[in-house]
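Report on the structure given below.
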Ligand code: NAD
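Residue numbers (the working numbering): 32 to 323.
Here's what the structure looks like:
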């Protein structure tokens, strides 16, 4: 049982954790801190949080568990602010979509308290933002990745794993480097591709006509281009080394398609499309839909 949970960044991800723990009867009081007053008022009215804190320092005072769930670019300053105000027994975790940058920020900000920080990333989400989009069921059946630090005590990692399991999630562990490489390929690159396509078309004089006739293929490919721009700016920049490498690989594949098209090379297109279609079917057949 968590007596007092501090959520820093009460949006889709932080709000959903609060609701899920409340539904599971695993939390006493949830204190929220965020940047937008209207969003916090809504979170309070919806029962996502029980109290609005005036500052991150006030939010973490006396908290047993602290979740950072703001855009990853805002986490460094937050670690610095909360460090002196954490209770001795407090455990801190995060939901950031990138791990190496968040861990570096935590080391710099938390200093000697770094052992009490267990990094995490729920592989659940949506293109919606804010506390109003939060759902107590968001994590049911989803993976949460933990990238524990060498300094973490096994009991502390187990306590954070337990928190997510109480929300219906299952836990996977990996290194922060492996995490950032994998998610550059399967999450960050697709978001970039979707943003780029929509921005490219939206900038054309005939954009309205094009969008009016766009169908389900366009809708499915571009759904994630409706995601929070600030959040994805932060993710892309934080993981830019891995993301640039993935972008190069994708550009080279697109360039091969371009050459095959220009040459009327049906065989090359057919082989690649067939491999992709089979791989996609296998993935979809095996997968519990990791929605980020
Ligand atoms: P969101 O926009 O719904 O919520 C983020 C909240 O953080 C907002 O309410 C915003 O006002 C607040 N915020 C911004 N700057 C802040 C600051 N300096 N201090 C305190 N609060 C601040 O976004 P979200 O989807 O809940 O994402 C939150 C985190 O979870 C991000 O780090 C993101 O990378 C990660 N994440 C997102 C998804 C997803 O699909 N949306 C999935 C997994 C992880």
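Quick reminder that beta carbons are idealized off the backbone N, C-alpha and C, glycines included.
Between residue 59 and residue 74, which are expected to be in contact by the criterion C-beta below 8 Å, what is the C-beta distance as a whole number of angstroms?
Taking C-beta atoms under 8 Å as the contact rule, residue 59 and residue 74 fail to qualify, at a distance of about 17 Å.
First and last residue of the uninterrupted beta strand (DSSP E) at residue 63:
First-last of the beta strand (DSSP E) with residue 63: 58 to 64.
Assigned secondary structure, residue 182 (DSSP; H/G/I helix, E/B strand, else coil):
DSSP, reduced to helix, strand and coil, places residue 182 outside both helices and strands of the structure shown, so it counts as coil.
Any idea which residues DSSP pairs residue 289 with across the strands?
Residue 289 is not bridged by DSSP to any residue.
Should residue 155 be counted as a contact of the ligand NAD given a C-beta to heavy atom distance under 7 Å?
Yes.
Going by the CB atoms, is the gap between residue 41 and residue 79 shorter than 8 Å?
Taking 8 Å as the Cβ cut-off, residue 79 and residue 41 qualify as a contacting pair.
Using the Cβ count rule (16 or more neighbours within 10 Å means buried), how would you classify residue 173?
Residue environment analysis places residue 173 among the buried positions, since at least 16 neighbouring C-beta atoms fall within 10 angstroms of its C-beta.
Using a threshold of 8 Å, state whether the C-beta atoms of residue 213 and residue 177 are closer than that.
Not in contact: residue 213 and residue 177 (Cβ atoms no closer than 8 Å).
Could you tell me the distance, in whole angstroms, from the CA atom of residue 150 to the CA atom of residue 34?
The straight-line gap from Cα to Cα measures roughly 21 Å.
Hey, residue 187 and residue 117 are a contact pair by Cβ (cut 8 Å); roughly how many whole angstroms apart?
That belief does not hold up - the Cβ atoms of residue 187 and residue 117 are roughly 13 Å apart, past 8 Å.
When you compare only the Cα positions, how much space is there between residue 19 and residue 166?
The chain is shown from 32 up to 323; residue 19 falls before or after that span and cannot be answered.
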